[in-house]
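In the working numbering, the protein residues as written are 54 to 300. Below is one structure; the comments refer to it alone.
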Ligand code: ADP
Ligand code: MG
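Right, here's the structure in full:
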């Protein structure tokens with residue numbers, strides 16, 4: 054099994070003298086194909102961890118190796134390119150462009166990455182939209198879409214460049230429980246096709262649908278639980294939630 058991401062002694066501090074230490078010697082290792090969540094209460098540093106692990110923010114000290122590349126040694130420009138090619142992001146504030154159609158929001162980063170022809174990109178976008186159930190909305194304005202639809206758009210956009218790893222920050226946070234379950238099932242399906250997924254959440258119900266749960270408290274990793282792959286058809290999540298609640 055190949056390690057896709059390894060963070061070692063990752064520290065992050067804010068403030069003028071970096072007095073506000075948020076991440077404290079965090080170690081995380083993720084194997085290719087895993088579906089992992091980091092669970093912890095609000096303010097424990099989950100979003101900060103995600104930003105620093107993905108190079109969206111610069112760590113204060115430590116090492117993050119993603120796809121055999123130490124990300125702290127990349128310039129801003131190299132990092133942006135690396136992110137575009139290797140990573141997909143599903144964040145709570147979805148950052149979709151309001152004056153573009155749903156379809157254009159999905160394909161934009163792929164046109165920028167120029168890995169494939171526009172025809173290939175368009176075909177892939179249509180396939181992803183069919184898979185996520187939003188194909189008929191392609192030409193609609195972003196502003197007409199519901200929360201659940203927007204989250205599907207964000208997932209299509211995260212997948213359009215066929216990333217090696219997807220990062221999600223509370224990816225179901227803005228959704229009602231039915232849509233949240235559907236999105237988690239969709240992510241489980243995507244994971245089963247081989248894409249590695251790391252998401253952070255404060256929600257036991259979300260964490261219970263991932264394969265391995267890492268607990269974070271006050272900027273530190275304090276333990277983890279292996280639940281095994283979540284099977285969409287197999288309705289065992291109550292048991293999984295109970296396992297996590299006992300912690
Ligand atoms: P979580 O995602 O677990 O709710 P965050 O990572 O958002 O937690 O925040 C953890 C702590 O880091 C909070 O106390 C927050 O105020 C602080 N923090 C996060 N981002 C910044 C920033 N850019 N500047 C200063 N403090 C920050
Ligand atoms: Mg957060």
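Built from N, CA and C at the ideal position, the CB exists for glycine as well. Because the structure is a prediction, the values reported are computed rather than measured.
- Message: Bridge partners for residue 219 per DSSP, in chain order?
- Response: Per DSSP, 141 and 250.
- For the ligand ADP, any of its heavy atoms closer than 7 Å to the Cβ of residue 99? Residue 99 Cβ: within cutoff of the ligand ADP.
- Message: Using a Cβ-Cβ cutoff of less than 7 Å, which residues in the same chain neighbour residue 254 once the five nearest sequence positions on both sides are dropped?
- Response: 90, 92, 223 and 260
- Query: Out of curiosity, what's the CA-to-CA distance linking residue 215 and residue 142?
  - Reply: Between residue 215 and residue 142, the C-alpha separation is close to 12 Å.
- Comparing alpha-carbon positions, which option in 162, 153 and 293 lies nearest residue 137? 162
- In chain order, each alpha helix (DSSP H) run of at least 4 residues that lies wholly inside the region 191-246: 200-212 and 230-245
- Relative to the ligand MG, is the shortest distance from any of its heavy atoms to the C-beta of residue 223 smaller than 7 Å? yes
- Buried/exposed call for residue 97, threshold 16 Cβ in 10 Å: buried
- Per DSSP, what kind of secondary structure is residue 100 in: helix, strand or coil? helix
- Item | Three-way DSSP call (helix, strand, coil) for residue 261 in this model | coil
- Got a sec? Which residues, its chain only, sit under 6 Å from residue 103 by beta carbon, not counting five neighbours each side? 220, 222 and 253
- Task: Decide yes or no for the touch test of the region 224-231 against the region 203-211: beta carbon pairs closer than 8 Å, at least 3 of them.
- Result: yes
- Message: In the DSSP output, which residue or residues are listed as bridge partners for residue 64?
- Response: 114
- Which value, in whole angstroms, describes the spacing of the CA atoms of residue 173 and residue 208? 18 Å
- Query: Buried or exposed: which applies to residue 58, given that a residue is buried once 16 or more other Cβ atoms fall within 10 Å of its Cβ?
  - Reply: So residue 58 counts as buried.
- Using the rule of at least 16 other Cβ atoms within 10 Å of the residue's Cβ for burial, across every protein chain shown, is residue 121 buried or exposed? exposed
- Task: Mind reading off the beta-carbon distance from residue 117 to residue 60? Whole number of angstroms is fine, and I expect it under 8 Å.
- Result: Between residue 117 and residue 60, the beta carbon gap of about 5 Å places them in contact (Cβ cut-off 8 Å).
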